[in-house]
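Q: For the record, in the sequence shown the residue sitting at position 147 is 153 according to our numbering, with numbers rising by one throughout. We put the beta carbon where it would ideally sit given N, CA and C, even for glycine. Since this is a predicted model, take the numbers as computed values, not measurements.
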Amino acid sequence: MLEDILRECDREERRPFLSRLRTRILGSKPVKERIILCIYRLKVLKGKLELLILRIRKRDRELLNRCIDAQRSGDQSRAKIYAEASHEIRTIFKIVFHCKLALEQVILRLETVEMFTDLTSSIVIPVSLVNEVRGKLAGILPSVSRQLGEVASELENLIKAAGRVEYTPESAPNLTEEAKIILEEAKVLVEVKAKEVFRSIEQPTDLEVELA
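1. Is Arg17 helix, strand or coil by DSSP?
2. What does the alpha-carbon distance come out to for the pair Thr49 and Val102?
3. Find out if the Cβ-Cβ distance for the pair Val119, Pro132 is shorter than 7 Å.
4. Report the start-end ranges of each alpha helix (DSSP H) in the segment 100 to 162 that is 4 residues or longer and not cut off at the edges.
5. Find the nearest neighbour of Cys105 within the set Ser151, Lys86, Arg65, judged by alpha-carbon distance.
6. In angstroms, rounded to a whole number, what distance separates the CA positions of Ile11 and Glu39?
7. For the alpha helix (DSSP H) holding Asp75, just list the boundary residues, first then last.
8. Would you kindly check if the distance between the Cβ of Val136 and the Cβ of Arg158 is under 7 Å?
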């Protein structure tokens, strides 16, 4: 079931060591070390999205095969159910893949900030983009969404502490122009990737060709 896949990928692991590490770093450590932890947390969350993407692709293949079997047996009602389930899971795939690409951009930007902390006055930290991703995942992966909210809050605190970089508050109705550009680029890539992925899934195997 799709719900089981989402629940499994959204499960938050309890790791005392990481909790202690986070507390130490976020206490009174320099900005650079706090940025490093934010990067780490984002990479962990990106890994969860990548795992979900793999499981979604596997599930879609299963649904497609069942749909084909139902059509061959003349059970159109059952075939329709599988087709609708496949459509639902592909919609989620696009959302999750889009969010993964957006997080990759945020991570790259933070890695740049971490390398050139003296130039933070000229580098924008895309907090609004993190909040946008958090919003998109709220109804799919609540735990991941909540953790993204924590990262966004920490990034806002970092910006305030540095006192040099402006940010878009969480309550702002619009994204920054840069965040909009990143999301649009990611959207295009998602459509291209989705077509490639699902075209390969729909390509019949040699066995399927023989049975046709």
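A: Based on what the coordinates show:
1. coil
2. As written in the sequence, residue 49 is Lys, which differs from the Thr given in the question. Their Cα atoms are separated by approximately 15 Å.
3. no
4. 133 to 143
5. Ser151
6. 34 Å
7. Annotation: the continuous alpha helix (DSSP H) that includes Asp75 extends over 37 to 78.
8. Sequence check: residue 158 is Ala here, not Arg. Yes, these two residues count as a Cβ contact at 7 Å.
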